[in-house]
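Residue 133 in full-length UniProt numbering sits at position 133 of the sequence shown, and the numbers go up by one each step. Using N, Cα and C, we set each Cβ at its ideal position, and we do this for glycine too. Keep in mind that this is a model prediction, so the values were computed, not measured. The structure appears below as structure tokens.
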Amino acid sequence: ARDDDGRGRVIDDAFDDGISSVFWARSRDDDDDDGLTTTTTLCAATSWGGDVRVYGARARLAGQHARLHAFKTTSPQLCGTFVDRTHVVSGGADGAVRAFDVTSGVERVVGAHREAVSCVEYDGENAPNMVFSASYDRTLKAWDLRAPGGGDCGRCAASTSLPGKAFTSDVANGMLFLGASDRQILAYKTSDIISGGRPVINRQSSMRFQTRCVRGNPHGDSFVIASVEGRVAVEYVADDRNERERYAFKCHRKTDPATGEVIYPVHAVSFHPLGTFATGGGDGYVNIWDGAAKKRLFQCPRYPTSVASLAFSPCGTMLAVASSYAQEEREKNTPHDRLYIRVIGDDAEVTPKAAAAAAAAK
Numbered sequence: 001a002r003d004d005d006g007r008g009r010v011i012d013d014a015f016d017d018g019i020s021s022v023f024w025a026r027s028r029d030d031d032d033d034d035g036l037t038t039t040t041t042l043c044a045a046t047s048w049g050g051d052v053r054v055y056g057a058r059a060r061l062a063g064q065h066a067r068l069h070a071f072k073t074t075s076p077q078l079c080g081t082f083v084d085r086t087h088v089v090s091g092g093a094d095g096a097v098r099a100f101d102v103t104s105g106v107e108r109v110v111g112a113h114r115e116a117v118s119c120v121e122y123d124g125e126n127a128p129n130m131v132f133s134a135s136y137d138r139t140l141k142a143w144d145l146r147a148p149g150g151g152d153c154g155r156c157a158a159s160t161s162l163p164g165k166a167f168t169s170d171v172a173n174g175m176l177f178l179g180a181s182d183r184q185i186l187a188y189k190t191s192d193i194i195s196g197g198r199p200v201i202n203r204q205s206s207m208r209f210q211t212r213c214v215r216g217n218p219h220g221d222s223f224v225i226a227s228v229e230g231r232v233a234v235e236y237v238a239d240d241r242n243e244r245e246r247y248a249f250k251c252h253r254k255t256d257p258a259t260g261e262v263i264y265p266v267h268a269v270s271f272h273p274l275g276t277f278a279t280g281g282g283d284g285y286v287n288i289w290d291g292a293a294k295k296r297l298f299q300c301p302r303y304p305t306s307v308a309s310l311a312f313s314p315c316g317t318m319l320a321v322a323s324s325y326a327q328e329e330r331e332k333n334t335p336h337d338r339l340y341i342r343v344i345g346d347d348a349e350v351t352p353k354a355a356a357a358a359a360a361a362k
């Protein structure tokens, strides 16, 4: 890895095609206090070229980011999640849900949809052994990793119809959030999906344009929706509170003297454990926001091309950023698709203003 002017360290492991998702293994600690242990936090990325790659990252040892495992499939991989430190699951454009054992190198198909799998999630605390997948075929399914099923995949423990094609998902605080076509937003308790439970949220987004990304607040009371039209909405789980307090704001835009305002899609959102969140857009910028104060806290220096995906590590000490052209404009020469790991060196970048003020008053 090498340093890149405040954007983080780029991992020297270029992808042949666009990076579709980046995500972290869940763990209690991103690093130890003195930085002397050999423990690493695992980060993974999927790509349109069929790649599933796993990296080891160290917050306290600069540059200690390296590829540990690599899998190559025959279909674009659109999304992924860790089950634990040795197992990764991905969703493919061919409709297959694949599980990869990073210790043995074994790959197996654990689920199947009729169309592309755009979302895979795991919630080990509330629904252990179950992988959730959602697809363009308008279904949400649960797959039992313990039991073999019929044919070429695992056992389907539950299947739920969706009102539209699934585009984006997230698991936070025991809830599975889904963004579907026609601006539909749904949320289910992960513990209820197996028994056919109804969604806790089933409403249209407050924004006028297609949903690009949805992420749940780790505190459980709200979620963020990003759209293709350079806009982000903060909405609330409770309907009555949502009617009173939801709001949206413009971001990832610029003014061009010749053509006027240029609006970029907001491709990615990730919550920090403190409740602030980062957005990444087609303009190549990463912004960090305090949703409660309705203020931007920080902007990273511009990345070489679009920010296609991003994710904070579980403890919030690192931010993984996929710099990967997302086809917002006509075909053009673009930089290589690469993954950056940015260490959060200043707490002010991610600390909510109210918490910072309270700490200063002590």
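CA-to-CA distance, residue j to residue i, given in whole angstroms
i, j, result
"I193", "V89", "19 Å"
"D283", "V266", "9 Å"
"S306", "R212", "14 Å"
"S227", "T317", "27 Å"
"G197", "V117", "22 Å"
"P111", "S324", "The sequence given here places Gly at residue 111; Pro does not occur at that position. One C-alpha to the other measures close to 28 Å."
"T168", "F223", "13 Å"
"A14", "L319", "18 Å"
"I341", "K189", "32 Å"
"I185", "G92", "22 Å"
"R108", "G80", "14 Å"
"F71", "D51", "6 Å"
"L68", "D221", "36 Å"
"G291", "T351", "11 Å"
"G230", "H252", "5 Å"
"R7", "S309", "14 Å"
"V321", "G216", "19 Å"
"V234", "D84", "30 Å"
"S104", "R244", "52 Å"
"T37", "V343", "No answer about T37 holds up, because its pLDDT of 43 lies below 50 and its placement is not dependable."
"V10", "V262", "28 Å"
"P335", "N287", "21 Å"
"P301", "E329", "22 Å"
"G56", "S135", "29 Å"
"S21", "A166", "15 Å"
"L274", "Q210", "28 Å"
"G18", "W143", "28 Å"
"R208", "F177", "19 Å"
For residue i, the three-state DSSP class (helix, strand or coil)
i, result
"D13", "coil"
"K165", "coil"
"A357", "helix"
"E328", "coil"
"A66", "strand"
"A322", "strand"
"A348", "helix"
"R155", "strand"
"K294", "coil"
"A25", "coil"
"V52", "strand"
"G281", "strand"
"G18", "coil"
"D287", "Strictly speaking, residue 287 in this sequence is Asn, with Asp absent from that position. The answer is strand: DSSP assigns N287 an E or B state."
Neighbour-count burial assignment, residue i, 16 or more Cβ in a 10 Å radius
i, result
"Y247", "exposed"
"P76", "buried"
"A187", "buried"
"D337", "buried"
"E121", "buried"
"A44", "buried"
"residue 369", "It is not possible to answer for residue 369, since the shown part of the chain is limited to 1 through 362."
"V106", "exposed"
"S133", "buried"
"K141", "buried"
"H219", "exposed"
"R114", "exposed"
"D34", "Residue placement at D34 cannot be trusted, given a pLDDT of 38 that sits under 50; the coordinates are not used to answer."
"T276", "buried"
"P199", "buried"
"A25", "buried"
"T40", "buried"
"G281", "buried"
"G179", "buried"
"G95", "buried"
"S270", "buried"
"D32", "Confidence is the limiting factor: at D32 the pLDDT is only 46, short of 50, which leaves the residue's position unreliable, though a coordinate-based value still follows. Answer is exposed; the Cβ neighbour count stays below 16."
"R58", "buried"
"S47", "buried"
Integer Cβ distance of residue i from residue j, believed to fall under 8 Å
i, j, result
"L145", "N129", "5 Å"
"V54", "D123", "Incorrect: roughly 20 Å between the Cβ atoms, too far for contact."
"G154", "P163", "Their Cβ separation, rounded to whole angstroms, is 26 Å, which puts G154 and P163 out of contact at 8 Å."
"T279", "V232", "6 Å"
"T74", "R98", "Incorrect: roughly 11 Å between the Cβ atoms, too far for contact."
"G174", "S161", "At roughly 22 Å, the Cβ-Cβ gap does not stay under 8 Å, so G174 and S161 are not in contact."
TODO: Enumerate, from N- to C-terminal direction, the unbroken beta strand (DSSP E) stretches of 3 or more residues contained entirely within the stretch 174-247.
DONE: 175-180, 184-189, 201-204, 211-216, 222-227 and 231-236
Task: Those runs of the alpha helix (DSSP H) which lie wholly inside the stretch 245-274 and span at least 4 residues - done: none
- [ ] May I have a chain-ordered list of the beta strand (DSSP E) segments no shorter than 3 residues that lie completely inside the stretch 72-146?
- [x] 77-84, 87-92, 96-101, 107-112, 117-122 and 130-135
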